[in-house]
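*Asks:* There's a structure below that I have some questions on.
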Amino acid sequence: MIASKLPAAIIGLGKTGISVAKFFKKNKIEFKAYDTRKDLDLTDGIKKNIKEENIILGPLENKLIASHDNFIVSPGVCLKKDFIEKINSQNKNIQTDVDIFDSYNRKKIVCVTGSNGKTSVTLILEYMLKFLGKKVAAGGNVGTPVLELLYNDYEYHILELSSFQLEMTKKIQCDVSLITNITPDHLDRHKNFENYKKIKHKIFLNSNSIVINRTDRNINVKNAPLHYSFGCDTAPNKSSFGIVKIDSTNYIVQGSEKILSENEIKLIGRHNLENICASLAVINILNLDLEKAVEGIKDFKSIQHRMEKFCEKNKISWINDSKSTNIESTISAVKSISGNIILILGGRSKTNNYDKLQEVLQNKSVFLILYGECKKLLNENIKIKKNKVLVEDIKSAVDEAYKIAKSIPKFDEKKITILLSPACSSFDMYSSFEERGDHFKNEVLKKHG
Ligand code: UMA
Numbered sequence: 003m004i005a006s007k008l009p010a011a012i013i014g015l016g017k018t019g020i021s022v023a024k025f026f027k028k029n030k031i032e033f034k035a036y037d038t039r040k041d042l043d044l045t046d047g048i049k050k051n052i053k054e055e056n057i058i059l060g061p062l063e064n065k066l067i068a069s070h071d072n073f074i075v076s077p078g079v080c081l082k083k084d085f086i087e088k089i090n091s092q093n094k095n096i097q098t099d100v101d102i103f104d105s106y107n108r109k110k111i112v113c114v115t116g117s118n119g120k121t122s123v124t125l126i127l128e129y130m131l132k133f134l135g136k137k138v139a140a141g142g143n144v145g146t147p148v149l150e151l152l153y154n155d156y157e158y159h160i161l162e163l164s165s166f167q168l169e170m171t172k173k174i175q176c177d178v179s180l181i182t183n184i185t186p187d188h189l190d191r192h193k194n195f196e197n198y199k200k201i202k203h204k205i206f207l208n209s210n211s212i213v214i215n216r217t218d219r220n221i222n223v224k225n226a227p228l229h230y231s232f233g234c235d236t237a238p239n240k241s242s243f244g245i246v247k248i249d250s251t252n253y254i255v256q257g258s259e260k261i262l263s264e265n266e267i268k269l270i271g272r273h274n275l276e277n278i279c280a281s282l283a284v285i286n287i288l289n290l291d292l293e294k295a296v297e298g299i300k301d302f303k304s305i306q307h308r309m310e311k312f313c314e315k316n317k318i319s320w321i322n323d324s325k326s327t328n329i330e331s332t333i334s335a336v337k338s339i340s341g342n343i344i345l346i347l348g349g350r351s352k353t354n355n356y357d358k359l360q361e362v363l364q365n366k367s368v369f370l371i372l373y374g375e376c377k378k379l380l381n382e383n384i385k386i387k388k389n390k391v392l393v394e395d396i397k398s399a400v401d402e403a404y405k406i407a408k409s410i411p412k413f414d415e416k417k418i419t420i421l422l423s424p425a426c427s428s429f430d431m432y433s434s435f436e437e438r439g440d441h442f443k444n445e446v447l448k449k450h451g
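Mapping of the sequence shown onto my numbering: position 15 corresponds to residue 17, and the numbering continues sequentially without gaps.
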């Protein structure tokens, strides 16, 4: 923050804004808080940390710029271009909670970003470090605002940073940073893929070492510091991790050495093997006990809302993958399942190009259930000869899926998986993918008693 006699401006009063307000209150920094929602409910979290006279609701007017020198913007708030330009032209300062965290943090940090898999890698790393006896916590996009981490004496912080968080962040100094992969996402906000890629790469700027997915051409390591790699191919040397298939079993390898078989872990899908590879590369760089971390991961169960197998009855498995809010993530999910799949897709669409998904579905034994705001768009854009049905909402999707599963002939020996992997955001009907996933699980569990 720049030195100023004016109060700071906190923009956005969700989890992030509240955490900034709490931090400022503790550190005796004056502030005012803004939220563009006129009818915002003043939650207990807000009331506890912010005096009502310091809360301003409604559209952000350019005239408020004169009242502040420091603006701390929440990730979900997309500021107008002229608002940002005005702040910059007056040598004022826009930053994020991640910048404030950076200026106060003295502990080791690993930063993780990527279009898919970033939450999984964050949670796998947190789990591995705990297994190794380290005091560690994960924060950022994964759910706990980063500033909340500073109140405890952790040895390691694992930060999941989204493109929304990186966009306005000026600097995050880290020991290791990692990009899992980059595919187009959130382009409505970031305008074009080039810009999105550039924002993702900001994570490398102040990192001592970096981990890259060597098979992803969208990740550019020119001028980057010392780097280590992972990928879904063979590993070129001892400081890299990869996957090889021997006699139809996938193994994680470090260089040429097999270190873990897919049959030894509880996580489902090849993409999770990649997530483990990425995490092991970080453990390696941090000079921690790799062998023990490999032992630990064998007991790691599914992560909520990410290929979470939460119910298995009468040869039917139910998987909640509500976190898959884009096509690439749904493709990974579908590819990782064999047998009959009843796939629930829908929500608010982020695109109208579903060609890649259609291609994958054509080679699978799949029945589609399309729900929500974009069900018709999906119906028009996913042209597969297989069965399809359109329903209103998640409850009807669960009812329909159950009916279809029951109707699959008994002589069909293949297992049946009912998969919610929507390829769309949840915002047509829910406030988050978590809420959607919880609703799905509740409806299923009601059915199965
Ligand atoms: N708001 C405005 N104006 C706007 C938009 C929002 O005033 O134009 C206000 C809203 O009225 C609301 C508040 O801002 O009161 C919400 O702030 P926010 O959207 O930044 O959300 P937070 O509650 O602070 O949660 C954020 C992340 N949310 C987003 O990036 C949208 C959470 O990621 C993150 O867990 C949390 O900080 C803690 O770090 C969620 C997410 O959806 C999971 N992430 C996206 C994703 O994973 O795809 C990027």
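Backbone N, C-alpha and C define an ideal beta-carbon position, used for all residues, glycine too.
As a quick exercise: from His188, Asn215, Ile214, pick the residue whose alpha carbon is nearest that of alanine 425.
*Replies:* In the sequence shown, the residue the question calls residue 425 occupies position 423. Of His188, Asn215, Ile214, the residue nearest in Cα terms is His188.
*Asks:* Rounding to the nearest angstrom, what Cα-Cα distance links glutamine 306 and serine 338 in this structure?
*Replies:* By 1-based counting over the sequence shown, the position of residue 306 is 304. By 1-based counting over the sequence shown, the position of residue 338 is 336. Going from the Cα of glutamine 306 to the Cα of serine 338 covers about 17 Å.
*Asks:* Can alanine 283 and phenylalanine 312 be called in contact, C-beta distance under 7 Å?
*Replies:* Against the sequence shown, residue 283 aligns to sequence position 281. Against the sequence shown, residue 312 aligns to sequence position 310. Taking 7 Å as the Cβ cut-off, alanine 283 and phenylalanine 312 do not qualify as a contacting pair.
*Asks:* Go ahead and pull the three-state DSSP assignment for cysteine 279.
*Replies:* Within the sequence shown, the letter at position 277 stands for residue 279. Correct three-state label for cysteine 279: helix.
*Asks:* Which residue or residues does DSSP assign as beta-bridge partners of threonine 115?
*Replies:* Residue 115 sits at position 113 when you count from the first residue of the sequence shown. The partner list for threonine 115 (beta bridge, DSSP) reads Ile181.
*Asks:* Could you give the distance in angstroms between the alpha-carbon of alanine 23 and the alpha-carbon of aspartate 101?
*Replies:* Along the sequence shown, one-based indexing puts residue 23 at 21. Along the sequence shown, one-based indexing puts residue 101 at 99. Spanning the two alpha carbons is a distance of roughly 15 Å.
*Asks:* Could you check how far apart the C-beta atoms of isoleucine 245 and glutamate 293 are, in whole angstroms? I think they sit under 8 Å.
*Replies:* Position 243 of the sequence shown, counting from 1, holds the residue named residue 245. Position 291 of the sequence shown, counting from 1, holds the residue named residue 293. Going by Cβ atoms, the distance from isoleucine 245 to glutamate 293 rounds to 19 Å, so no, they are not a contact pair.
*Asks:* Report the residue from Lys315, Ser105, Ser319 whose alpha carbon sits nearest the alpha carbon of asparagine 208.
*Replies:* For the purposes of this step, residue 208 is taken as the residue at position 206 of the sequence shown. Among Lys315, Ser105, Ser319, the Cα nearest to that of asparagine 208 belongs to Ser105.
*Asks:* By how many angstroms is the C-alpha of isoleucine 13 removed from the C-alpha of glycine 348?
*Replies:* Taking the first residue of the sequence shown as 1, we reach residue 348 at position 346. Taking the first residue of the sequence shown as 1, we reach residue 13 at position 11. Cα-Cα distance, rounded: 31 Å.
*Asks:* Can you grab the Cα-Cα spacing for the pair asparagine 383 / isoleucine 343, in whole Å?
*Replies:* Walking along the sequence shown from the start, residue 383 turns up at place 381. Walking along the sequence shown from the start, residue 343 turns up at place 341. If I take the Cα positions, the gap works out to 19 Å.
*Asks:* Just how far apart, CA to CA, sit aspartate 41 and leucine 59?
*Replies:* Here residue 41 refers to the residue found at position 39 when the sequence shown is read from its first residue. Here residue 59 refers to the residue found at position 57 when the sequence shown is read from its first residue. C-alpha separation (whole angstroms): 8 Å.
*Asks:* What I want to know is whether the C-beta of serine 428 ends up closer than 6 Å to one or more non-hydrogen atoms of the ligand UMA.
*Replies:* The sequence position of residue 428 within the sequence shown is 426, counting from 1. Result no, Cβ not under 6 Å from the ligand UMA.
*Asks:* At what residues does the alpha helix (DSSP H) containing valine 123 begin and finish?
*Replies:* Sequence index remark: in the sequence shown, residue 123 carries index 121 (1-based). Valine 123 -> alpha helix (DSSP H) spans 120-133.
*Asks:* Would the beta-carbon of isoleucine 214 fall within 7 Å of that of isoleucine 184?
*Replies:* What you label residue 214 is simply residue 212 of the sequence shown in a count that begins at 1. What you label residue 184 is simply residue 182 of the sequence shown in a count that begins at 1. No, they are not a contact pair.
*Asks:* Going along the chain, which residues of its own chain have a beta-carbon closer than 6 Å to the beta-carbon of serine 331, five neighbours each way excluded?
*Replies:* To locate residue 331, count along the sequence shown from 1; it is residue 329. So the list reads Asn118, once near-sequence residues are dropped.
*Asks:* Helix, strand or coil, according to DSSP, for histidine 441 in the structure here?
*Replies:* Along the sequence shown, read from residue 1 onward, the residue named residue 441 stands at position 439. Reduced to three states, the DSSP call for histidine 441 is helix.
*Asks:* Going straight from the alpha carbon of valine 391 to that of isoleucine 52, what length do you get?
*Replies:* Within the sequence shown, numbered from 1, the residue matching residue 391 stands at position 389. Within the sequence shown, numbered from 1, the residue matching residue 52 stands at position 50. Distance between the alpha carbons of valine 391 and isoleucine 52: 49 Å.
*Asks:* State the Cα-Cα distance for the pair lysine 268 and tryptophan 320, rounded to the nearest angstrom.
*Replies:* On the sequence shown, residue 268 is found 266 positions in, with the first residue counted as 1. On the sequence shown, residue 320 is found 318 positions in, with the first residue counted as 1. Cα to Cα, the separation comes out at about 15 Å.
*Asks:* If I measure Cβ to Cβ from valine 138 and keep anything under 7 Å in the same chain, skipping five residues before and after, which residues do I get?
*Replies:* Counting from 1 along the sequence shown, the entry for residue 138 is found at position 136. Taken in chain order, the residues that qualify are Glu128, Leu131, Lys132, Tyr156, Glu157, Tyr158, Ile160.
*Asks:* Of the residues Glu196, Gly374, Ile89, which one's Cα is nearest the Cα of isoleucine 4?
*Replies:* What you label residue 4 is simply residue 2 of the sequence shown in a count that begins at 1. The shortest C-alpha separation from isoleucine 4 is found at Ile89.
*Asks:* With respect to the alpha helix (DSSP H) encompassing histidine 203, which residues constitute its N-terminal and C-terminal limits?
*Replies:* One-based indexing of the sequence shown puts residue 203 at position 201. Residues 195-203.
*Asks:* In terms of residue numbering, what span does the alpha helix (DSSP H) encompassing threonine 332 cover?
*Replies:* For the purposes of this step, residue 332 is taken as the residue at position 330 of the sequence shown. Note, threonine 332: alpha helix (DSSP H), 329-337.
*Asks:* Taking the beta carbon of leucine 44 as the centre, do at least 16 other beta carbons fall within 10 Å, making it buried, or is it exposed?
*Replies:* In the sequence shown, counting from the first residue as 1, residue 44 sits at position 42. Per the 10 Å Cβ criterion, exposed.
*Asks:* Can you grab the Cα-Cα spacing for the pair glutamate 264 / tyrosine 253, in whole Å?
*Replies:* By 1-based counting over the sequence shown, the position of residue 264 is 262. By 1-based counting over the sequence shown, the position of residue 253 is 251. Whole-angstrom Cα-Cα distance: 6 Å.
*Asks:* Report buried or exposed for lysine 315, applying the criterion of at least 16 other Cβ atoms within 10 angstroms of its Cβ.
*Replies:* Numbered from 1 along the sequence shown, position 313 holds the residue referred to as residue 315. So lysine 315 ends up on the exposed side.
*Asks:* By Cβ distance below 6 Å, which residues in the same chain neighbour glycine 142 in space, the five residues on each side in sequence not counted?
*Replies:* By 1-based counting over the sequence shown, the position of residue 142 is 140. Here the set comprises Val148, Leu161, Glu162, Leu163.
*Asks:* Is the distance from the Cβ of glutamate 266 to the Cβ of lysine 300 below 7 Å?
*Replies:* Position 264 of the sequence shown, counted from the start, is the residue given in the question as residue 266. Position 298 of the sequence shown, counted from the start, is the residue given in the question as residue 300. Against a cut-off of 7 Å, the Cβ pair of lysine 300 and glutamate 266 comes out as a contact.
*Asks:* Let me know the beta strand (DSSP E) ranges lying completely inside the region 369-410, each 3 residues or longer, listed in chain order.
*Replies:* 390-392
*Asks:* Using only the alpha-carbon positions, how far apart do serine 211 and threonine 217 sit?
*Replies:* The residue you call residue 211 lines up with position 209 of the sequence shown. The residue you call residue 217 lines up with position 215 of the sequence shown. Approximately 18 Å, taken between the alpha carbons.
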